[in-house]
Amino acid sequence: LAKTTQPISMDSYEGQEVNITCSHNNIATNDYITWYQQFPSQGPRFIIQGYKTKVTNEVASLFIPADRKSSTLSLPRVSLSDTAVYYCLVGPTGTASKLTFGTGTRLQVML
Amino acid sequence: NAGVMQNPRHLVRRRGQEARLRCSPVKGHSHVYWYRQLPEEGLKFMVYLQKENIIDESGMPKERFSAEFPKEGPSILRIQQVVRGDSAAYFCASSPDREAYGYTFGSGTRLTVV
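Line by line, the protein sequences are chains A and B. Residue numbers for the first sequence follow the numbering used here, so the first one is 42 and each next one is one higher. Residue numbers for the second sequence follow the numbering used here, so the first one is -2 and each next one is one higher.
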């Protein structure tokens, strides 16, 4: 199982771009990289998923280098409402039991 | 279209009682997953069910815990003879198929054992 490492916490100010990097050195060929967001007292919310290069949706961008040993979640122009815990998960699709939610990165956005 | 609905949101049980947690998946989703989150920790997978079948229960404790997803009605996670260590947030997620592009999570049930 691919183990992930991400910063425990990050601080940012409103309007800034936030980049959260996740390391997954032993990622397997059939593993995808998925990011979730979790607010206090709520369940995780799917943000974005990718396999290689760059993926962008209305919420975020995901950058994955060629060796796939790391990935970066990019949140453009964060607001106070983006304060949450962000989880990086690595695993093949269709294998919920293989997906491990670590302790995530606690992002605090300030005025 | 409602998302994943979990009830109750909060549940208090005395040691030795039974806890029943309910999860109604997104309409049209036939795959349900249960996770447990202890304070200040990430979510841990417990069980994966498809209508009337348990697909993967590798994360379920061997005793006192059971789960079902009947043909009609919500999925139920049952914890018998609860102990203080069962206090946690229990989240349910659903997906339309096994290879889903991300799961939809409910808001969880916070179980407190006193």
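Every residue, glycine too, gets a C-beta built ideally from N, C-alpha and C. Only a predicted model underlies this, so the values are computations on that prediction, with no experimental measurement involved.
Reference A:Q47, options A:V100, A:P85 and A:K110, closest by Cα: Minimum Cα distance to A:Q47 is reached at A:K110.
Can you tell which of A:V150, A:T144, A:M151 and A:L130 has its C-alpha closest to the C-alpha of A:N66? A:L130
Give a yes or no on contact between the segment 17 to 28 of chain B and the segment 59 to 77 of chain A, applying the rule of three or more CB pairs nearer than 8 Å. Touching, no.
List the residues of chain B that A:T144 touches, going by C-beta distances under 7 Å, in chain order. E38 and G39
For B:V44, report the span of its beta strand (DSSP E) as first-last. L40 to Q47
Determine whether the Cβ of B:G0 lies closer than 7 Å to any Cβ atom of chain A. no
Spell out whether any CB of chain B is found under 7 Å from the CB atom of A:G84. yes
Let me know the secondary structure DSSP gives A:D123 once reduced to three states. Secondary structure at A:D123: helix, using DSSP grouped into helix, strand and coil.
So, using beta-carbon positions, are B:R107 and B:A86 closer together than 7 Å? B:R107 places its beta carbon less than 7 Å from that of B:A86.
Give me, in chain order, the residues of the same chain whose beta-carbon lies closer than 8 Å to that of B:R6; leave out the 5 immediate sequence neighbours on both sides. S104, G105, T106 and R107
Please state whether the Cβ-Cβ distance between A:Y73 and A:Q90 is less than 7 Å. yes
Would you call A:I49 buried or exposed, if buried means 16 or more other Cβ atoms sit within 10 Å of its Cβ? exposed
Assuming contact is defined by CB atoms lying nearer than 7 Å, are A:I61 and A:Y127 in contact in what I supplied? yes
Alpha-carbon spacing of A:S112 relative to A:G143, whole angstroms: Roughly 15 Å between the two C-alpha positions.
C-beta neighbour in chain B for A:Q90, strict 7 Å: yes
Can you tell me whether DSSP reads B:G82 as helix, strand or coil? helix
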